[in-house]
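Numbering (our numbering), first residue to last: 94 to 201.
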């Protein structure tokens, strides 16, 4: 039996396993920040905008009302600052509600 093992690579027939270095995914708190901006429009009722903000951003009624009024009065309101992937997801969710939301890098 000893002669059989010596004919096999790595002696004894056991393949040498090399451990791959583990690559950690990027930490969310270390990703560059992106702003999610709600734009005013004349085609949505304020109640619908408030409801969408509560549903998508998980704002309470007061927060949703404040952001809606800010967008209505100034033309745009900052909703959240987050990482790019989450900002893109939020934009897509608002698009399904026919609301105008843009994202841009936060230059702070």
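Where is the CB? At the ideal position from N, CA and C, for every residue including glycine. Since the model is a prediction, treat every value here as computed from it, not as a measurement.
Kindly identify the DSSP beta-bridge partner or partners of residue i.
i	result
residue 195	130
Buried or exposed for residue i, please, with buried defined as at least 16 other CB atoms from any protein chain shown within 10 angstroms of its CB.
i	result
residue 173	buried
residue 138	exposed
residue 208	Absent from the structure is residue 208, since the part of the chain shown begins at 94 and ends at 201.
residue 155	exposed
residue 160	buried
residue 195	exposed
Mapping the DSSP letters down to three states, classify residue i as helix, strand or coil.
i	result
residue 186	helix
residue 123	helix
Out of the options, which one is the CA nearest neighbour of residue i?
i	options	result
residue 198	179, 152, 190 and 144	179
(message) Please give me, in chain order, every unbroken run of the beta strand (DSSP E) with length at least 3 that falls completely inside the region 135 to 181.
(response) 169 to 176
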